[in-house]
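Heads up, the thing below is written out as structure tokens.
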Amino acid sequence: MATPLTLLLLASFLMAFLPCQCVTAEHSEQAESGRVYIAFLGERKHDDPELVRKSHHDMLTSLLGSKEKALKSIIYSYKHGFSGFAATLTESQAKQLSGFPGVISVKPNQKRQLQTTRSWDFLGLPYDHPEQGTLLQKANYGENVIIGVVDTGLWPESRSFRDEGFGPIPSRWKGKCQTGQQFNKNHCNKKLIGVRWYSRGVDKDALQGEYLSARDLNGHGTHTSSTAAGVLVPNVSFNGIAAGAARGGAPRARLAMYKVCWGVGGACFDAPILKAIDDAIHDGVDVLSLSLGSFVNEQMGTLFAVSKGMTIVYAAGNDGPAPQTVSASVPWIISVAASTLDRSFPTVLNFDNNLKLVSQGLFYDNKKSSSKPIVAGGRCDQEALKNVDVTGKIVLCFSPGEVTSILPRADFGIAMSTAVAAGAGGVIYVEYPIDLLYGVTDICNGIPCVFVDIEAGLKIFDIPANSTVKVSLTRTVEGDEVWAPVVAAFSSRGPSHAFPSVIKPDVAAPGSNILAAKRDSYAFDSGTSMACPHISGIAALLKAAHPDWSPAAIKSAIVTTAMTTDRHGQPIFANGVPRKVADPFDYGGGVVDPNRAVDPGLVYDVQQKDYLKFFNCTLAPNRECDVLTAPLYYLNVPSIAIPDLRTTQNVWRTVFNVGNVDATYKAIVKPPSGIKMVVEPSVLVFDAKKKINSFKVTFIATRKVQGLYTFGSLTWVDGKGHSVRIPIAVRTVIYDNYSDAS
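Residues -25 to -1, 1 to 717 in mature numbering (1 follows the signal peptide of the UniProt record, and there is no 0) are what the sequence shown spells out, letter by letter.
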């Protein structure tokens, strides 16, 4: 009989697969011809995974009438961390199965989308000269921690996955090297210790032209894997741009790939993702990195992995800067926003009227650097260019969304592709901001394609007809000349519409114009998909330095030590329209600071029973929420969010001392505007006997208004270098169901 914990966890688990904004076929004739459904059955009733699998077959046999039909129907059996299966069923069969004893729910398979040479130095983790006491040195470069990556596969011949100098594979590793097309057992080694691939439950269109193996057609998985755990590779660049040594955050960590995303477009489906998580639990993965940022707001199934000590890291999504776009918002995972780093790619434009402007680009072909006529192309779609002769000319293209808060992420690609296909000799694309360059290299193939902001674009537009422009080769600029970090415009923003009482994203990391492995070379890419493996690599280093830390402790250390100011002490900004000072809905606790995270002083840990209370109040089918013990605000996460403060609200938190045995911490309070904050006690004392302290924070609305979110922080300082800061977001309300999320 299922326990209350089972029912709550699995009911929550199934909510991850409520219909999302994905395109799926739902015509009745298609449903009756069969589609993939996912059934959740609760905790395993047998310790033996094969007995769990047999119980799934028996249930399907009872449903379908024969063992043969059951074997033909089943796609995946989830048997390691939980009990469930994916099977091809008609709609009526799925409804019938949902009524079987022990079945928590049956939901259709859904589709999701995927969401360096400098970044690790920028974060204070140089490879060749690690200072004594840095995270990289304390963690011995992530020695023997196992990072699992759920993605598009990888290119095993990449220099980033060599195993020179690695010792034997850790005996706790229980995974395998699954062979397939152009991937044999020799492609695994002591660095890349295992691969699995999952093609069942994937649309046939996504498999066209694919490698039926863990080999990476798309390139996304190779890029993210090398960012998290790639070994040191010297003399890397993109056609001479951004030259340096490439490596991952935890270069001595072991790597396992779980290929669940397929095709050039990177289509990912629920059933394979769940199977990958289940297998990662079995295999012994320490940190699981999922750069799958879209529509994973309620991914409850990851709790099974977290409860077994696995740290789960997700991309926050690429739908910013609009509010309430963050995905992966459950409280036990780390949701990662994207920031820039201190590197830019200035590309000078010299016009024949002596106007000189600096754009951003990735132009490297000196043979194509001659002066060319410039012509206005409007939006540069087919309609705009049908009467414009662009052959051999530099085309000025305006983003249709340059004055809106929703950035035209796809429009620049369409505009550039259309112009290049029409014979253009280059493109100047006008948008704001200009921190997204990754699509240029694939589209423009060596011809000059650059970005300018709206002010520069209007100056170019006013240049007389028949003028010419020469695009200089791109330079690489690093260091203090570059304003960084800044939260990237595309990075998804909070608050979470699913859990407004949990601040998301949790933290930001470099994700703009990241150079990492792609096939047998190195290429740029941008997105929270690139930020996610930065945090995965850091989590692996923290696991190596502190093997006894829980996933919640690792998350706390990352969030509470993050940067909110740049190297000059100025506030970190967030790109958008307009640019603004970043707040917790942009970057959570801030931009990650790895060397402070290794010695945070205090951590906010979370027990499984506390997650259960959270489920009970928010996610259970029959919600039970005692107002006196409601965990909406009390879950011991390293942040506080109150979306509905009317008068007064008390919130409790508990901190665990992981620093000096004898320590005294004092509270520094920065209340949100319009809010009074009182912390009791305001001083916490720790010694050999008292390693845990709890405190209460009282929030009092000083203005009775239907307000906006305002932000503050609570920081515990010991005067000896430890500063433990949590972000706070509060909105005052008068009326229920007030939907303004600004």
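All residues carry an ideal CB built from backbone N, CA and C; glycine is no exception. Computed from a prediction, not measured in an experiment: that's the story for all the values here.
Cβ neighbours of A221 in the same chain (closer than 8 Å, five flanking residues each side left out): Same-chain partners within the cutoff: T91, T92, S135, S201, G205, L207, V208, V211, L490, A491, A492 and Y497.
Nearest-angstrom Cα separation, counted from N362 out to P290: Note that residue 290 is Ala in the sequence shown here, rather than Pro. The C-alpha of N362 is placed about 42 Å away from the C-alpha of A290.
Whole-number beta carbon distance between Y233 and R171, since they are thought to touch under 8 Å: Contact flag correct, Cβ pair sits at about 5 Å.
For F373 and V405, believed in contact at Cβ under 8 Å, the rounded distance: Distance from V405 to F373 at the Cβ level is roughly 5 Å; contact confirmed, criterion being Cβ atoms closer than 8 Å.
Check whether A312 and P131 have beta carbons under 9 Å apart: Contact: no.
Own chain, CB closer than 6 Å to L516, minus 5 neighbours either side, in chain order: So the qualifying residues of the chain are L110, A114, G117 and A225.
Exposure of K331, with buried meaning 16 or more beta-carbon neighbours within 10 Å: Label assigned to K331: exposed.
For I667, the first and last residue of its enclosing alpha helix (DSSP H): Looking at the DSSP string, I667 is not in any alpha helix (DSSP H); the run it does join, the beta strand (DSSP E), is I667 to A676.
Host alpha helix (DSSP H) of G196 (start-end): From DSSP, the alpha helix (DSSP H) with G196 extends over H195 to A204.
Local conformation of K331 per DSSP, three classes: The answer is strand: DSSP assigns K331 an E or B state.
Run of the beta strand (DSSP E) containing K86, from where it starts to where it stops: K86 -> beta strand (DSSP E) spans K86 to Q88.
Limits of the unbroken beta strand (DSSP E) element including C507: Here C507 belongs to no beta strand (DSSP E); instead the alpha helix (DSSP H) covers T503 to A520.
In chain order, each alpha helix (DSSP H) run of at least 4 residues that lies wholly inside the stretch 4 to 76: Listed in chain order, the complete alpha helix (DSSP H) runs (minimum 4 residues) inside the stretch 4 to 76 are 24 to 39, 42 to 48 and 66 to 72.
C-beta atoms of H257 and G56 nearer than 9 Å: A contact, by the Cβ cut-off of 9 Å.
Own chain, CB closer than 6 Å to F279, minus 5 neighbours either side, in chain order: Once the five neighbours on either side are set aside, the close Cβ partners of F279 are G56 and F57.
Run of the alpha helix (DSSP H) containing Y173, from where it starts to where it stops: Annotation for Y173: no alpha helix (DSSP H) segment contains it, and DSSP assigns it neither H nor E.
Stretch pair the stretch 517 to 533 + the stretch 432 to 446: three plus CB contacts closer than 8 Å: Contact between the stretch 517 to 533 and the stretch 432 to 446 is not established, with fewer than three Cβ pairs separated by less than 8 Å.
Short Cβ contact (9 Å threshold) for A642 with A704: Cβ distance not < 9 Å, so A642 and A704 don't count as in contact.
Within the stretch 96 to 174, ranges of the beta strand (DSSP E) (whole runs, at least 3 residues): Entirely contained in the stretch 96 to 174, the beta strand (DSSP E) runs reaching 3 residues are, in chain order, 121 to 126 and 167 to 172.
Short Cβ contact (9 Å threshold) for S466 with G295: Result yes, Cβ atoms of S466 and G295 sit closer than 9 Å.
D574 vs G634 beta-carbon contact at 9 Å: Yes; because the gap between Cβ atoms is below 9 Å, this pair is in contact.
Per DSSP, the bridge partner or partners of V461: Paired residues: F548.
DSSP-derived helix/strand/coil call for G284: Coil.
Buried or exposed by the 16-neighbour rule on C-beta atoms within 10 Å, applied to residue 719: In the structure as shown, the chain begins at -25 and stops at 717. Residue 719 is therefore absent and cannot be evaluated.
Pairwise C-alpha distance: C152 and V27: Looking at the backbone, the Cα of V27 and that of C152 are separated by about 23 Å.
Backbone CA spacing between L100 and P508 [nearest angstrom]: Cα to Cα, L100 sits roughly 15 Å from P508.
Alpha-carbon to alpha-carbon, Q357 and V365: About 12 Å.
H21 classed as buried or exposed, judged by whether at least 16 other C-beta atoms fall within 10 angstroms: H21 is exposed by the Cβ-count criterion.
Sub-9 Å separation of G155 and Y186 beta-carbons: Using a Cβ distance threshold of 9 Å, G155 and Y186 count as a contacting pair.
DSSP beta-bridge partners of D500: Beta-bridge pairing by DSSP links D500 to I489.
Under 9 Å between C-beta atoms of V672 and R628: Contact check for V672 against R628 passes: the beta carbons are separated by less than 9 Å.
Extent of the continuous beta strand (DSSP E) run through R621: First-last for R621: undefined, no H or E at that position.
Contact under 9 Å by Cβ, A217 with F338: Not a contact, by the Cβ cut-off of 9 Å.
CA nearest to the CA of G223, picked from K166, V177 and Y173: Sorting K166, V177 and Y173 by C-alpha distance to the C-alpha of G223 places K166 at the top.
CB of I13 within 9 Å of CB of A255, strictly: Result no, Cβ atoms of I13 and A255 do not sit closer than 9 Å.
Length of the line joining the Cα atoms of G564 and T300: Their Cα atoms are separated by approximately 18 Å.
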